[in-house]
Amino acid sequence: MTLNGAKMIDLPKTLDRRGNLSVVEEHKNIPFKIKRTYWIYDVPGGEVRGGHAYKENQEFIVALSGSFDVILDDGKERKTFSLNRSYYGLYVPKGIWRQMQNFSTNSLALVLASTKFDTSDYIYDYVLFKESVK
Ligand code: TYD
645 MTLNGAKMID LPKTLDRRGN LSVVEEHKNI PFKIKRTYWI YDVPGGEVRG GHAYKENQEF
705 IVALSGSFDV ILDDGKERKT FSLNRSYYGL YVPKGIWRQM QNFSTNSLAL VLASTKFDTS
765 DYIYDYVLFK ESVK
């Protein structure tokens with residue numbers, strides 16, 4: 645599998661005339677235990693988020709509203725994933741460089757993370773990242 649196992653994951657969808665419902669359960673729909681949840685919103689047009697890798701943290705990213713692109717890079721290959729529905733998301737394993745861009749107006753990115761926030765888990769330097777995955 646490319647990009648260390650990064651992949652789009654379809655979530656269960658309960659269709660209902662009152663409105664639809666989707667769900668994520670740890671170790672069932674996603675391959676990790678959820679230690680943290682954060683969301684990115686009010687992104688001004690043209691802004692880019694991310695631009696780093698994590699040494700340990702794994703994430704699952706869902707576009708709860710609107711759309712955006714996630715660009716993943718494992719040091720050898722680079723791939724763009726477009727997120728624009730709330731019933732699927734992108735699993736990002738550890739050790740992958742990632743960037744988020746092309747946010748639509750009022751887009752809302754939900755991120756489920758496998759670790760607590762830890763600044764020492766970040767790799768901000770792309771050259772160091774390339775060294776680390778050699
Ligand atoms: P960062 O992870 O760099 O955001 P992105 O990858 O989306 O560009 O985080 C931006 C800021 O938010 C940074 O100052 C740290 C803070 N932050 C927390 O305090 N807790 C968190 O769980 C996250 C993800 C970020």
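Here the sequence shown is numbered in my numbering, starting from 645 and rising by one per residue. Here a beta-carbon is modelled for each residue, glycine too, at the ideal position from N, C-alpha and C.
Coil, strand or helix - residue i by DSSP
{"i": "residue 736", "result": "strand"}
{"i": "residue 776", "result": "helix"}
{"i": "residue 783", "result": "Nothing about residue 783 can be read from this structure; the chain reaches only from 645 to 778."}
{"i": "residue 771", "result": "helix"}
{"i": "residue 754", "result": "strand"}
{"i": "residue 655", "result": "coil"}
{"i": "residue 690", "result": "coil"}
{"i": "residue 645", "result": "Caution applies to residue 645, whose pLDDT of 48 falls short of 50 and renders its modelled position unreliable; the model cannot decide the point."}
{"i": "residue 704", "result": "strand"}
{"i": "residue 718", "result": "coil"}
Nearest-angstrom Cα separation, counted from residue j out to residue i
{"i": "residue 775", "j": "residue 740", "result": "12 Å"}
{"i": "residue 710", "j": "residue 743", "result": "17 Å"}
{"i": "residue 645", "j": "residue 726", "result": "Bear in mind that a pLDDT of 48 at residue 645, under 50, signals an unreliable position, so the number given afterwards is only what the model happens to contain. Cα to Cα, residue 645 sits roughly 19 Å from residue 726."}
{"i": "residue 659", "j": "residue 731", "result": "11 Å"}
{"i": "residue 719", "j": "residue 661", "result": "45 Å"}
{"i": "residue 767", "j": "residue 737", "result": "14 Å"}
{"i": "residue 769", "j": "residue 666", "result": "36 Å"}
Pick from the options that is closest to residue i, judged by C-alpha positions
{"i": "residue 706", "options": "747, 648, 728, 669", "result": "728"}
{"i": "residue 674", "options": "757, 695, 682, 715", "result": "757"}
{"i": "residue 655", "options": "661, 747, 670", "result": "670"}
The ligand TYD heavy atom lying under 8 Å from the CB of residue i
{"i": "residue 712", "result": "no"}
{"i": "residue 682", "result": "yes"}
{"i": "residue 761", "result": "yes"}
{"i": "residue 650", "result": "no"}
{"i": "residue 755", "result": "yes"}
{"i": "residue 693", "result": "yes"}
{"i": "residue 731", "result": "no"}
{"i": "residue 766", "result": "yes"}
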